[in-house]
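Q: Residue numbers (the working numbering): 1 to 130. Mind having a look at this structure? Questions to follow.
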Amino acid sequence: MEWESYYLEATDYYKAALGASRKNTLGNLVIYNVVAMSIENYMTSILMKSGFIPEHSSISSMYRELKKNHNAPEEFHTEVRFMNRFMNFCSLEPTPEIVPTDDEIKRMVNFATSLKDWTSDYLAIESKMV
């Protein structure tokens with residue numbers, strides 16, 4: 001099933017981000033992007049499992065879609081807004097790049113962990129699958 005591939009890809013991104021943040025490798029901007037890919041894929045897996053195709057790929061748009069049909073934890077809203085601070089959306093105007101601090105990376109990884117756990121529970125994924 002297609003949703004499973006999104007879930008497995010999200011888990012791979014999550015593991016890479018977790019390892020890189022613990023070992024302080026790759027740099028915070030790269031870790032941020034890997035965490036964001038993990039979050040996007042976890043959300044996509046739930047939406048796809050429920051028969052929805054995400055309309056947009058931004059974390060905030062996907063979270064809004066998720067909230068429409070799922071009982072996602074309210075604390076995710078704050079973390080999604082936090083993640084948006086670092087997004088560099090396509091724009092004709094140059095925007096300054098914001099590099100997350102080590103503490104901000106920890107917060108992002110913690111959010112990804114919470115989302116992973118919630119997603120796993122929601123999808124009833126067996127722990128041996130990942």
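Ideal Cβ positions, reconstructed from N, Cα and C, are used throughout, including at glycine.
When we look at the beta-carbon of residue 92 and count the other beta-carbons within 10 Å, is it buried (16 or more) or exposed?
A: With fewer than 16 Cβ atoms within 10 Å of its Cβ, residue 92 is classed as exposed.
Q: How many Å lie between residue 6 and residue 96 at the Cα?
A: Distance between the alpha carbons of residue 6 and residue 96 is about 31 Å.
Q: Quick check on the DSSP output: what are the complete alpha helix (DSSP H) runs of length 4 or more inside the stretch 22-73, in order along the chain?
A: Listed in chain order, the complete alpha helix (DSSP H) runs (minimum 4 residues) inside the stretch 22-73 are 28-49 and 59-69.
Q: Using the beta-carbon count (16 or more within 10 Å), is residue 53 buried or exposed?
A: It is exposed - the Cβ of residue 53 has fewer than 16 other Cβ atoms within 10 Å.
Q: My output table needs one value for residue 17: the three-state DSSP class, helix, strand or coil.
A: It is helical.
Q: Let me check understanding here. Comparing Cα to Cα, which of 11, 87, 86 and 48 lies closest to residue 2?
A: Measuring from the Cα of residue 2, the nearest candidate turns out to be 48.
Q: What is the residue span of the alpha helix (DSSP H) that residue 104 lies within?
A: From DSSP, the alpha helix (DSSP H) with residue 104 extends over 102-123.
Q: Which residues in the same chain as residue 16 place their Cβ atom closer than 6 Å to its Cβ, once the five residues preceding and following it in sequence are excluded?
A: Result list for residue 16: 34, in chain order.
Q: In angstroms with no decimal places, state the Cα-to-Cα distance between residue 9 and residue 75.
A: Whole-angstrom Cα-Cα distance: 24 Å.
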